[in-house]
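Visitor:
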Amino acid sequence: ALLYKPIDRVTRSTLVLHDLLKHTPADHPDYPLLQDALRISQNFLSSINEDIDPRRTAVTTPKGETRQLVKDGFLVELSEGSRKLRHVFLFTDVLLCAKLKKTAVGKHQQYDCKWYVPLADLVFPSPEESEHCPQVHVIPDHELEDMKMKISAIKSEVQKEKANKGQSRAIERLKKKMFENEFWLLLNSPAIPFRIHNRNGKSYLFLLSSDYERSEWREAIQKLQKKDLQAFVLSSVELQVLTGSCFKLRTVHNIPVTSNKDDDESPGLYGFLHVIVHSAKGFKQSANLYCTLEVDSFGYFVSKAKTRVFRDTTEPQWNEVRREGRWAGAAAGLAWGCVPTELTHHLSSQLDPQAVQTKNWHMDVIEMNGIKVEFSMKFTSRDMSLKRTPSKKQTGVFGVKISVVTKRERSKVPYIVRQCIEEVEKRGIEEVGIYRISGVATDIQALKAVFDANNKDILVMLSDMDINAIAGTLKLYFRELPEPLLTDRLYPAFMEGIALSDPAAKENCMMHLLRSLPDPNLITFLFLLEHLKR
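The sequence shown: position 479 = 479 (UniProt numbering), numbered continuously.
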């Protein structure tokens, strides 16, 4: 206890420095000194943490051996038909599922054990059984997207309040609302089943957001099961002691939502990550192989894209590009080879904000268990992706003013818009996620080149092309216009009009602004609107 005293003092003074900084104006002469002191204290504490073995001893097993915590984290359990957030603890010989008890203010927090399975009795179902989950109610994508937009809007309100030195009560109210919405999303978005059986008959089902996370849990358990483990039953006192130790041993303290982040933590990366998955080498046997990309947001991974499946091969050559937008996180972009039923390898690459924010593609290889995956990536920040750059060329259609294109074609709506819309209406109306799921970027670039060259094979190529690539080409055309379809001149007026609260005034304003648009812009806009309506 005495040896621990000095470290305890540094820990306390670090918290005091943290609070002092929050209440010290940035232009105060003490501000840089406090920042230095906090940095020195934090570096000292993290160097001590690195020296301590992360697998900390918990309690002694009945055989007199030390039971250690190997892994813990928050998972969603499907229990009696409803989703519950659980804190799961994997010890050297037992998996314990707990929930944090509600306690009065000032009281010591404790966990309540829901169930436990000795690892000697734990078995995984076959991949087919594992994937088959008829009782899972999956929330539709559009509801999840709506909730994300709500959270985004609340975040903006919080930033506005802070910028205007708003009342702390109003900010706290917004943060509480944001926490509730994020918690709902955390509970309802996971859909990947992770099932475990107890040999004695009972079976449990977790729902995860990511293949990567599922394989991590499975591998950690299987690694421990290779040891000589014995079945046992914990007495009520032993269970109480083990559950009691969870609170001080846990490595994951907060549920992964932004509301739990400190204001001065790194905000992560926001923007577009472009990834080309080239190939994988090192497989010993032929298999059906594909690659999944996931990014993490505040500690839990979300699946973003999948390559096509290469059948019966040991050296798949994908060379596919995915453009993933609107994600945030201190993000590790992930890629791995898998067979269609279950994950076989998972590899991760930490995204360094400085390294990825270059205009050029950055090539990388990640390796694990003898498997090498080659990929290239580049990151475009959100600000850069919204900037329009006028095109120097006057030929082609991409990056050329809409009035120039329609005049050249002697049409009211550009040919590219008409053809893409016609093809989407022919084959894409029933497609789930049309205009949301990104097409393969190499296909989109091929279509762009054909439209720019006015190639006579356009129609043949369109009929053969994946429908998401055609939708992506149409989006790219509008994105590369030298000015927005609603024009730079009228854009601010449209923004003011959409903010009007009186419906009649809003409609009058909108109709007046639409009539003010140049003919090619207005007719194309209405043509697009009719299509989206259908």
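Think of the CB as a built atom: it goes at the ideal place given N, C-alpha and C, for glycine as much as any other residue.
Source: prediction; values computed, not measured.
Which residues share a DSSP beta bridge with I421?
Guide: Bridge partners of I421: none, in fact.
Visitor: Do you know how far the Cα of T380 is from the Cα of N360?
Guide: Cα to Cα, N360 sits roughly 10 Å from T380.
Visitor: Within 10 angstroms of the Cβ of Y477, are there 16 or more other Cβ atoms? Answer buried if so, exposed if not.
Guide: Y477 comes out buried.
Visitor: Work out the CA separation of Q42 and C420 for me, nearest whole Å.
Guide: If I take the Cα positions, the gap works out to 56 Å.
Visitor: By a C-beta neighbour count over all protein chains shown, 10 Å radius and 16 as the cutoff for buried, is K448 buried or exposed?
Guide: It counts as buried.
Visitor: Could you check whether G497 and G472 sit closer than 8 Å to each other, using their CB atoms as the reference points?
Guide: Taking 8 Å as the Cβ cut-off, G472 and G497 do not qualify as a contacting pair.
Visitor: Taking contact to mean at least 3 C-beta pairs separated by less than 8 Å, is the stretch 365–374 in contact with the stretch 480–492?
Guide: Short answer: they don't touch.
Visitor: Report the rounded CA-to-CA distance for T92 versus H362, giving the unit in angstroms.
Guide: Going by the C-alpha atoms only, they are around 40 Å apart.
Visitor: Roughly how many whole angstroms lie between the Cα atoms of K506 and R515?
Guide: Looking at the two C-alpha atoms, the distance is approximately 14 Å.
Visitor: Taking L69 and L205 to be in contact with their CB atoms under 8 Å, please state how far apart those CB atoms are, rounded to whole angstroms.
Guide: The Cβ separation is near 23 Å, so there is no contact.
Visitor: Could you give the distance in angstroms between the alpha-carbon of L257 and the alpha-carbon of Q225?
Guide: First, the residue type needs correcting, since residue 257 is Val and not Leu in the sequence shown. About 32 Å.
Visitor: Per DSSP, D112 is paired with what?
Guide: Paired residues: K99.
Visitor: At the level of alpha carbons, what is the spacing between M495 and I434?
Guide: Roughly 27 Å between the two C-alpha positions.
Visitor: Round the Cβ separation of L17 and L34 to the nearest angstrom and send it over; I've been treating them as touching at under 8 Å.
Guide: So it is a contact: roughly 6 Å between Cβ atoms.
Visitor: Give the DSSP-derived three-state secondary structure of G428 in the structure shown.
Guide: If DSSP states are grouped into helix, strand and coil, G428 belongs with coil.
Visitor: So if DSSP puts E374 in a beta bridge, which residue, or which two residues, is it bridged to?
Guide: Note: E374 sits in a beta bridge opposite S279, V365.
Visitor: Would the beta-carbon of Q317 fall within 8 Å of that of S279?
Guide: Yes; because the gap between Cβ atoms is below 8 Å, this pair is in contact.
Visitor: So, with DSSP's three-state summary, where would you put K304?
Guide: It is a strand residue.
Visitor: What's the gap between the Cα of R418 and the Cα of E409?
Guide: Rounded to whole angstroms, R418 to E409 spans 12 Å at the Cα level.
Visitor: Do you know how far the Cα of F179 is from the Cα of I171?
Guide: I171 and F179: Cα-Cα distance of roughly 12 Å.
Visitor: On a CA-only basis, which of A120, A493, I429, D312 is nearest R199? Give me that one, please.
Guide: Taking only the C-alpha atoms, the option nearest R199 is A120.
Visitor: Between T57 and V309, what straight-line distance do the alpha-carbon atoms span, to the nearest angstrom?
Guide: Reliability fails at T57, whose pLDDT of 46 lies under 50, so the model's placement of it is uncertain and no value is given.
Visitor: Given a threshold of 16 other Cβ atoms within 10 Å of its Cβ, counted over all protein chains shown, does I416 qualify as buried or as exposed?
Guide: That one is buried.
Visitor: Does DSSP classify W336 as helix, strand or coil?
Guide: Interpretation of W336 is limited by its pLDDT of 40, a score under 50 that renders its predicted location unreliable; the figure taken from the coordinates is listed afterwards. Residue state, collapsed to three classes: strand.
Visitor: Starting from K175, trace the alpha helix (DSSP H) both ways and give me its first and last residue.
Guide: Looking at the DSSP string, the run of the alpha helix (DSSP H) that includes K175 is 168–188.
Visitor: Counting pairs of Cβ atoms below 8 Å between the stretch 174–188 and the stretch 148–164, do you hit three or more?
Guide: Result yes; three or more Cβ-Cβ pairs closer than 8 Å.
Visitor: Do the CB positions of L207 and L78 come within less than 8 Å of each other?
Guide: Yes, the Cβ-Cβ distance between L207 and L78 is below 8 Å.
Visitor: How long is the line joining the alpha carbons of V94 and W115, rounded to whole angstroms?
Guide: Using only the alpha carbons, I get a separation of about 11 Å.
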